[in-house]
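Numbering (my numbering), first residue to last: 6 to 303. Note that beta-carbon positions come from the ideal geometry of N, C-alpha and C, so glycine has one too. Everything below concerns the one structure shown next.
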Ligand code: GH3
Ligand code: MG
Ligand code: MG
Ligand code: MG
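Below is the structure:
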């Protein structure tokens with residue numbers, strides 16, 4: 006969330022927008038829309054932290070807009086507070102069942118509106134913090150498997166629209182059990198951290214993403230990257246890890262810490278599940294293992 010949260014006010018009457026803006030401007034950045042369809046457009050563009058929503062509007066009414074916001078994966082978490090002249094219990098029940106977090110009747114009581122907005126923003130901040138923690142690997146600070154899978158699904162949806170390339174790299178530290186047995190688990194943890202940092206040095210494009218997928222396994226998403234591009238990133242990762250020069254004296258053929266990698270590339274199509282990329286990359290990773298480790302298979 007920004008230092009100053011952004012609040013989207015949706016109301017067909019400009020006077021209502023002015024009243025609520027005046028109330029909230031000292032603490033928040035305000036944007037507004039005078040219709041449901043305009044609100045959907047603005048919300049998609051700016052991703053507000055909270056939405057104040059009128060119900061009675063020409064065209065799409067507030068109930069319908071709320072329902073649509075809740076169906077949109079990118080906007081579903083944004084708290085919606087109805088601010089409406091409809092003061093019947095049925096209206097309030099319908100508003101809350103359409104996905105809104107709260108319901109305030111107009112004319113608004115300034116202090117009540119301010120407090121409710123502040124409370125819901127604080128709860129949203131805590132929810133976001135929890136969601137972030139749940140998707141972060143504590144050892145390396147990288148995203149974890151949950152974040153990777155969420156991002157992969159989002160990228161597949163996005164790239165399927167243009168049939169773009171997507172590459173996924175899976176990699177696994179070679180003979181890591183041996184490393185732990187020789188140097189201990191604390192050193193093992195340190196090794197995983199150093200490998201993580203080395204992998205990140207090979208990623209240069211803005212949308213590239215690397216996660217700790219499991220114990221000593223990592224997975225990377227390279228959007229809009231074809232086979233050649235992904236193979237050179239994977240080869241660079243292999244070299245970056247080798248160049249760390251971490252000893253692994255107990256290891257089979259090699260004498261240092263190395264990684265084996267698998268690269269899966271394809272054009273995105275609607276309906277292709279994320280698991281296909283992951284299982285293909287994993288299968289290719291195991292070919293690298295069988296072929297002698299410290300190598301890339303595509
Ligand atoms: P291979 O080359 O076939 O991958 O052999 P390997 O020994 O790396 O594979 P294996 O799957 O047998 O062993 C993985 C080891 O990684 C076993 C497990 O104890 C260790 N490991 C997994 N997570 C962690 C961790 O967070 N910290 C440490 N220190 N070790 C971990
Ligand atoms: Mg209205
Ligand atoms: Mg391993
Ligand atoms: Mg493993």
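In chain order, what residues of the same chain have a beta carbon less than 6 Å from the beta carbon of residue i, not counting five sequence neighbours either side?
i, result
"residue 100", "87, 108"
"residue 235", "172, 227, 268, 270"
"residue 110", "92"
"residue 181", "221"
"residue 203", "245, 246, 249"
"residue 175", "224, 267, 286, 287, 290"
"residue 142", "149, 217"
Just list the residues that DSSP pairs residue i with in beta bridges.
i, result
"residue 272", "170"
"residue 265", "177"
"residue 71", "Per DSSP, none; premise fails for residue 71."
"residue 317", "The question about residue 317 has no answer here: the residues shown for the chain are numbered 6 through 303."
Can the beta-carbon of residue i be found less than 8 Å from the beta-carbon of residue j?
i, j, result
"residue 172", "residue 227", "yes"
"residue 2", "residue 28", "This structure leaves residue 2 out entirely; the chain is present only between 6 and 303."
"residue 80", "residue 48", "yes"
"residue 177", "residue 222", "yes"
"residue 41", "residue 69", "yes"
"residue 254", "residue 187", "yes"
"residue 147", "residue 216", "yes"
"residue 157", "residue 282", "yes"
Between which residues of its own chain and residue i is the CB-CB distance below 7 Å, once the five residues before and five after are set aside?
i, result
"residue 251", "196, 199, 261, 262"
"residue 301", "236, 239, 240, 243, 266, 268, 293"
"residue 219", "150"
"residue 165", "273, 274, 275"
Straight-line CA distance for residue i to residue j?
i, j, result
"residue 84", "residue 154", "25 Å"
"residue 169", "residue 284", "20 Å"
"residue 210", "residue 246", "19 Å"
"residue 6", "residue 50", "Bear in mind that a pLDDT of 47 at residue 6, under 50, signals an unreliable position, so the number given afterwards is only what the model happens to contain. Distance between the alpha carbons of residue 6 and residue 50 is about 15 Å."
"residue 16", "residue 179", "60 Å"
"residue 23", "residue 126", "21 Å"
"residue 75", "residue 184", "48 Å"
"residue 71", "residue 205", "40 Å"
"residue 132", "residue 124", "12 Å"
"residue 82", "residue 189", "43 Å"
"residue 98", "residue 43", "25 Å"
Please return the same chain residues whose Cβ sits closer than 8 Å to the Cβ of residue i, not counting the five positions on each side in sequence.
i, result
"residue 12", "29, 33, 34, 35, 36, 53, 54, 55, 56, 57, 122"
"residue 296", "302"
"residue 9", "32, 33, 34"
Return the Cβ separation of residue i and residue j in integer angstroms, given the expectation that the two are a contact with Cβ distance under 8 Å.
i, j, result
"residue 140", "residue 152", "4 Å"
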